[in-house]
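In full-length UniProt numbering, the protein residues as written are 1 to 301.
Even for Gly, the Cβ is constructed at its ideal location relative to N, Cα and C.
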Amino acid sequence: METPTATIIGPLAALTAALFWALATLLYSQAGSYLSAAQLNLVKGIVACPLLVLVGWFSGQLLAIEGNLATYLLLASGVIGITLGDTLYFAALRRLGPWHTMLLEYLAPPFAALLAWMLLAQGMRWFEVMAALVIISGIFVVISEKPKSAELVQINLSGIAAGIGAALCQALGLVMSFHALQEFEMSPLNAALLRLLAGTFALTIALLLLKPSLIQSTRSALRHTSIPWLLVAIVMGTFLAIWLQQTAIAYINPGLAQTLLATAPLWLIPIQWLRGQPLSARSIVGALIAVSGIALLFGIQ
1 METPTATIIG PLAALTAALF WALATLLYSQ AGSYLSAAQL NLVKGIVACP
51 LLVLVGWFSG QLLAIEGNLA TYLLLASGVI GITLGDTLYF AALRRLGPWH
101 TMLLEYLAPP FAALLAWMLL AQGMRWFEVM AALVIISGIF VVISEKPKSA
151 ELVQINLSGI AAGIGAALCQ ALGLVMSFHA LQEFEMSPLN AALLRLLAGT
201 FALTIALLLL KPSLIQSTRS ALRHTSIPWL LVAIVMGTFL AIWLQQTAIA
251 YINPGLAQTL LATAPLWLIP IQWLRGQPLS ARSIVGALIA VSGIALLFGI
301 Q
């Protein structure tokens, strides 16, 4: 993992996952508008789990689940990061909209770095800290500018609480996955599968016990949902993104990985431009600052 190629794989995987999350967030906000947060979380797990199994089967990476500490860590991280974290994320998405929800996502990098230091004694190297600070500064410049389309969104305390909770759950789940991948032999694909299986299974049981009507009404809600766009969002934002996320943390510190994963708002800038929306000077400056931090990271690696 110390080869030049290995040092590039982690950051590149994290940045690509951020791109897919940015695209998926926009698609979820449209295609999943008739689904509740829990329903959307359940549907994405039901669709993405078989895809990960198929890839694992055909690639020869699919392993039998063993009762070791790595398995239990990944299963637990799936419940925390996916069952709780993603449900809170989708709840924030419905209450705050995609832009403000991703604004709160930048809390996840410091959460992950702090948890990794406190729980695993995994500190970031000085140049990683400097690069992360530059990247987060650029992201903050971008996301602190509220777009015109977000002015109609009413900011409420429950949405903010959901966004902060999602960032904390995401960071904790990432740190647990990092520990499992660093201490035990397991491929990122299997780690992604275990996390997603645990998250989907726990969510299904919780809904059956607490609110079975949500499961029954999911089929009706899907009739009013754009299925093609929803499937594209799931493939990008869950199937590919969680695989890339686990690949990233197999190579780099959780705090740094979460910093690069939090660059999703930056990817919205070229997406907005391609959609014919004008770009502000503030968003361009912020993007350049963040990109300089990313370049600094790759240049020193």
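Where residue i falls: helix, strand or coil (DSSP)
i: Lys44; result: helix
i: Ser77; result: helix
i: Arg95; result: helix
i: His179; result: helix
i: Ala250; result: coil
i: Gln245; result: helix
i: Gly60; result: coil
i: Pro276; result: Rather than Pro, the amino acid found at residue 276 in this sequence is Gly. Gly276 falls in the coil class under three-state DSSP.
i: Ser292; result: helix
i: Leu35; result: coil
i: Thr200; result: helix
i: Phe298; result: helix
i: Phe90; result: helix
i: Ala167; result: helix
i: Asn156; result: coil
i: Asn68; result: coil
Straight-line gap, residue i to residue j (C-alpha atoms, nearest Å)
i: Leu296; j: Leu74; result: 32 Å
i: Lys211; j: Ile46; result: 18 Å
i: Ile8; j: Gly255; result: 16 Å
i: Gln122; j: Ser226; result: 43 Å
i: residue 306; j: Ala233; result: With the chain covering only 1 through 301, there is no way to say anything about residue 306.
i: residue 302; j: Asn190; result: Summary: the structure shown does not reach residue 302, with the chain confined to residues 1 through 301, and so no result is reported for it.
i: Gln182; j: Leu115; result: 16 Å
i: Pro98; j: Phe201; result: 26 Å
i: Leu96; j: Ser158; result: 9 Å
i: Leu266; j: Leu54; result: 32 Å
i: Gly293; j: Ala131; result: 5 Å
i: Ile284; j: Pro110; result: 24 Å
i: Gly60; j: Pro11; result: 25 Å
i: Leu261; j: Thr218; result: 30 Å
Burial state of residue i, where buried means 16 or more other Cβ atoms lie within 10 Å
i: Arg94; result: buried
i: Leu193; result: buried
i: Leu19; result: buried
i: Arg195; result: buried
i: Phe178; result: buried
i: Val142; result: buried
i: Asn156; result: exposed
i: His224; result: exposed
i: Ala281; result: exposed
i: Phe90; result: buried
i: Val175; result: buried
i: Glu185; result: exposed
i: Pro278; result: exposed
Uninterrupted alpha helix (DSSP H) stretches inside the segment 99-153 (no shorter than 4 residues): Every unbroken stretch of the alpha helix (DSSP H) spanning 4 or more residues and falling wholly within the segment 99-153 is given here in chain order: 108-120, 126-143.
Whole runs of the alpha helix (DSSP H) within the segment 203-248, excluding any shorter than 4 residues: Listed in chain order, they are 212-223, 227-234.
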